[in-house]
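**Q**
Numbering (the numbering used here), first residue to last: 10 to 824.
1. Among residues of its own chain, excluding the 5 on either side of residue 753, which ones have a beta-carbon nearer than 7 angstroms to its beta-carbon?
2. Would residue 354 be called buried (16 or more neighbouring beta carbons within 10 Å of its own) or exposed?
3. Would you mind working out which of 207, 192, 105 and 182 sits nearest residue 171, comparing C-alpha positions?
4. State the start and end residues of the unbroken beta strand (DSSP E) segment that holds residue 173.
5. With burial defined as no fewer than 16 other Cβ atoms inside 10 Å of the residue's Cβ, what is the status of residue 628: buried or exposed?
6. Note down, one range per segment and in chain order, each alpha helix (DSSP H) of at least 4 residues found wholly within the stretch 524-573.
7. Buried or exposed: which applies to residue 156, given that a residue is buried once 16 or more other Cβ atoms fall within 10 Å of its Cβ?
8. Taking the alpha-carbon positions, what's the residue 608 to residue 312 distance?
9. Just the Cα atoms here: how many angstroms apart are residue 692 and residue 733?
10. Identify, in the order they occur along the chain, each residue of the same chain with its Cβ nearer than 6 angstroms to the Cβ of residue 727, setting aside the five sequence neighbours on each side.
11. Among the residues of its own chain, which have a CB less than 6 angstroms from the CB of residue 783, if the five just before and after it don't count?
12. Would you mind sorting residue 175 into buried or exposed? The rule is 16 or more other CB atoms within 10 Å of its CB.
13. Would you list the residues sitting across from residue 109 in a DSSP beta bridge?
14. Where does residue 49 fall in DSSP's three states?
15. Between which residues of its own chain and residue 523 is the CB-CB distance below 8 angstroms, once the five residues before and five after are set aside?
16. Quick check on DSSP: helix, strand or coil for residue 221?
17. For the beta strand (DSSP E) that residue 693 lies in, which residues bound it at each end?
18. With DSSP as the reference, please indicate the residues paired to residue 168 in a beta bridge.
19. Touching or not, the stretch 629-637 and the stretch 657-669, by the rule of three or more beta carbon pairs under 8 angstroms?
20. Pick out whichever of 187, 257 and 261 has its Cα sitting closest to the Cα of residue 318.
21. Quick check on this structure: which residue in 110, 90 and 109 has the alpha carbon closest to the alpha carbon of residue 119?
22. What would DSSP say about residue 810, mapped onto helix, strand or coil?
23. Per DSSP, which residues does residue 271 bridge with? Please list them.
24. When the Cα of residue 705 is compared with those of 193, 595, 725 and 661, which residue comes out closest?
25. Under 8 angstroms between the Cβ atoms of residue 226 and residue 195?
26. I need the DSSP call for residue 641, collapsed to helix, strand or coil.
27. Pop quiz: residue 846 and residue 94 are said to be a contact at Cβ under 8 angstroms. What is the actual Cβ separation, rounded to whole angstroms?
28. Compute the Euclidean distance between the alpha carbons of residue 677 and residue 808, then round it to the nearest angstrom.
29. With 16 as the cutoff for other CB atoms within 10 Å, does residue 725 come out buried or exposed?
30. Please report the distance separating the alpha-carbon of residue 581 from that of residue 589.
31. Report the partner residues of residue 86 according to the DSSP bridge assignment.
32. Per DSSP, what are the beta-bridge partners of residue 163 in this structure?
33. Could you check the C-alpha separation between residue 620 and residue 775 for me, to the nearest Å?
34. Under 6 angstroms Cβ to Cβ from residue 169, same chain only, skipping five residues before and after it: list those, please.
35. Where does residue 99 land, buried or exposed, given buried means 16+ other C-beta within 10 angstroms?
36. Mind pulling the alpha helix (DSSP H) runs of 4 or more residues that sit fully within the stretch 726-770?
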């Protein structure tokens, strides 16, 4: 059966006796004309004919049956002068109006509650819409301006949107496929903002998504929206209001809606935008529910110009089960961006051929290089086989084949990998490339297991693969467990290599790089004691190498890298400052003798790391100066390579370090500016390659720091928005991989900050909800991690905070 009113329907399981003739008439009358047959068909036979007769009579009577007369042109409502009706819905009428009370003049849209027949339900939803719109502030969501009661009627004043439904706009302006996708992507981002602010729209459809004459998207009509952080009182079998032709399967089944319900509606909307017509649904509730469990034909069946990637995105959003849809509207927007960038979309199975095809299409020049390389490797093997068949000296030919293969593999590891790291969106491709190369290396090692050169190549390959898999320190996929296994395999080889070839400079360099990688990973995800042990081993090997080759530039670079690695894992701020200072001296001298972009990058990194050490030592002016020195170098490097994700992140980290020092000295205005630029740079890298776990992690951290500064400046709404964004990114990353202890601590502080802001505005329920999230995050935090003194102070404060609020009645399961 159906229960509801005001242009919405609610499904009740057959057999529910709660429906009345009045309620059935109300819902059929106020349903959209395209839905009325479906609504009538779902009614019990005993009611169907009588309701149809009543609706027909009501339509013939026109406004005679509506006890509330519309406000005519020229009539007033508070300071607003009505100019005419521009829309009509179940809750009442929408007028074009002008404020002309002498304060200022502005055209607006005013929604007024309808007649007395609908008053109780309409008024409740009207008040709810006003409360929700007051909570939202987004350029693509209609903005509330005013509201009140005049002449006994409630009214809501909103910005006036002169536009048309998004589907009509696309057709009228003959938008290209990419233009349609970009326009719809804006809708997804606005929906994501709404969800982040705990608001479900629940009625996303073309007439509620307008595009202005200037091409700006606006989502409107939050009349049946609901707050996610509120418990909705429901009775068995009922469902909150909805539009039947744009409802998700779970809504039609009478289940409580979630963000996945809005994502399903977004899927219906993009289907219509791409196919040029809505998804055809069966009429009648029973048939409709049955049809929703059937596979949906992709929009490409209706429009042959739709690529398979877009079909996959639409079908993922329209998955019958919520768990199979996108986890958020933001994730759907990101997948659309991947399509626009020519990168693999998440909605399609991650086959190697698919990823290779997308990479080739996106990087044709580099793809040509890789193709030539692969052909060269293949040709080398073929030539060696042919030569082997003809030659008599099999051992010599096998050696030549071995040498050719090693040279090609070294090209992949040492030449192509650094170049690929400078191209956006290559993390996954790099991982696949290194993994494939290692398979060749491991196959060769069976024939020459005692070759020091081959062992070095294998160690180098393992270090590279661990880095892009998730060892930390650079762009990666975030799989820290697997990266640890890869480094452990390299460690076994390193022991053999040192026994067999421990005096060779090349072998010392290879093992030194491995020890540095293991030290960094342990510092991030393991034991600080192990991290320091690996770092000391790395420095000992570097000093042995320097003693063997005292005039060698590469040896001095290795000593500087090992010194910096030991500084990274040192627990004393003074020790870190001293060690970073040593590394700065080495690279300064190296740069003066032989200028090199990589050395300049390392020098900037040391200045930035030294700034962090000064911060921990509470030497804030020195920290700011060191960060500025890093920023000056990295701005020059980014200017030389403006599209390099690594260069963007380097500058972003410098700006973050500057902002930390500015904030510590209470220069909040400059700190906000530095944090904002840093955050924007990090967001660009994250958007360019959503697979890059580290970039997203650092983006979330910057959002947290920016929010804290906005809070200091009393920009409460901006602070809340950025704390929520930070927590959302961190939570998503926690589902994908392992967060570092520092990132988990930041997530805890996000929740603590949100609870604090809720308490300031008197929102006890919200504060308690964030406090529970904070306690859960604290439970997953390794309290033995190598936190700085300042971080330990924060940790102790938040632990005390949870205890204090528990005593105040805000325990888990409380309000």
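Yeah, the Cβ is synthetic: ideal placement off N, Cα and C, and Gly gets one too.
**A** Judging by the given coordinates:
1. Mapped onto the chain shown, residue 753 falls at position 744. Excluding sequence neighbours, residue 753 sits near 786, 789 and 790.
2. As a working mapping, residue 354 is identified with position 345 in the chain shown. With 16 or more other Cβ atoms within 10 Å, it is buried.
3. What you label residue 171 is simply residue 162 of the chain shown in a count that begins at 1. When only C-alpha atoms are compared, the closest one is 105.
4. For this step, residue 173 is matched to residue 164 along the chain shown. Taken as a continuous stretch (DSSP letters only), the beta strand (DSSP E) holding residue 173 covers 172-174.
5. By 1-based counting over the chain shown, the position of residue 628 is 619. It is buried - the Cβ of residue 628 has at least 16 other Cβ atoms within 10 Å.
6. 537-557
7. On the chain shown, position 147 is the one that residue 156 refers to. So residue 156 counts as buried.
8. Here residue 608 corresponds to residue number 599 of the chain shown, with the count starting at 1. Here residue 312 corresponds to residue number 303 of the chain shown, with the count starting at 1. Roughly 54 angstroms separates the two Cα atoms.
9. Looking up residue 692 in the chain shown gives position 683. Looking up residue 733 in the chain shown gives position 724. Their Cα atoms are separated by approximately 15 angstroms.
10. Taking the first residue of the chain shown as 1, we reach residue 727 at position 718. Answer for residue 727: 719, listed in chain order.
11. If you number the chain shown from 1, residue 783 lands on position 774. Same-chain partners within the cutoff: 757, 760 and 761.
12. Your numbering for residue 175 matches position 166 in the chain shown. By the neighbour-count rule (16 or more Cβ atoms within 10 Å), residue 175 is buried.
13. On the chain shown, position 100 is the one that residue 109 refers to. For residue 109, which the question treats as bridged, DSSP gives the partners 114.
14. Stepping through the chain shown from its first residue, residue 49 is reached at position 40. Residue state, collapsed to three classes: helix.
15. As a working note, residue 523 is residue 514 in the chain shown. Counting only Cβ-Cβ distances below 8 angstroms, and skipping sequence neighbours, we find 468, 471, 472, 496, 499, 500 and 503.
16. Position 212 of the chain shown holds residue 221. It is a strand residue.
17. Here residue 693 refers to the residue found at position 684 of the chain shown. First-last for residue 693: 677-697, but that is the alpha helix (DSSP H), not the beta strand (DSSP E).
18. On the chain shown, residue 168 is found 159 positions in, with the first residue counted as 1. DSSP, once it has assigned bridges, lists 117 as partnering residue 168.
19. yes
20. Position 309 of the chain shown, counted from the first residue, corresponds to residue 318. When each option's Cα is compared against that of residue 318, the closest is 187.
21. Position 110 of the chain shown, counted from the first residue, corresponds to residue 119. For residue 119, the nearest C-alpha among the options comes from 90.
22. Here the question's residue 810 lines up with position 801 in the chain shown. Residue 810 falls in the helix class under three-state DSSP.
23. By 1-based counting over the chain shown, the position of residue 271 is 262. DSSP, once it has assigned bridges, lists no residue as partnering residue 271.
24. Position 696 of the chain shown holds residue 705. The residue with the shortest Cα to Cα distance from residue 705 is 661.
25. Residue numbering aside, residue 226 sits at position 217 when the chain shown is read from its first letter. Residue numbering aside, residue 195 sits at position 186 when the chain shown is read from its first letter. Result yes, Cβ atoms of residue 226 and residue 195 sit closer than 8 angstroms.
26. Here residue 641 is taken as the residue at index 632 of the chain shown, counted from 1. Helix, per DSSP.
27. Any property of residue 846 remains undetermined from this structure, which presents the chain solely from 10 to 824.
28. Taking the first residue of the chain shown as 1, we reach residue 677 at position 668. Taking the first residue of the chain shown as 1, we reach residue 808 at position 799. Their Cα atoms are separated by approximately 27 angstroms.
29. Working through the chain shown from its first residue, we reach residue 725 at position 716. It counts as exposed.
30. Residue 581 sits at position 572 when you count from the first residue of the chain shown. Residue 589 sits at position 580 when you count from the first residue of the chain shown. Approximately 12 angstroms, taken between the alpha carbons.
31. Taking the chain shown and counting its residues from 1, one reaches residue 86 at position 77. DSSP lists 89 as partners of residue 86.
32. Position 154 of the chain shown holds residue 163. According to DSSP, residue 163 bridges with 158.
33. As a first step, residue 620 must be located in the chain shown, where it is residue number 611. As a first step, residue 775 must be located in the chain shown, where it is residue number 766. Rounded to whole angstroms, residue 620 to residue 775 spans 37 angstroms at the Cα level.
34. One-based indexing of the chain shown puts residue 169 at position 160. The residues are 116, 117 and 118.
35. On the chain shown, residue 99 is found 90 positions in, with the first residue counted as 1. Any answer about residue 99 is weak, because its pLDDT of 48 lies below 50 and its placement is not dependable; what the coordinates show is given next. Buried, since its Cβ has 16 or more Cβ neighbours within 10 Å.
36. 750-769
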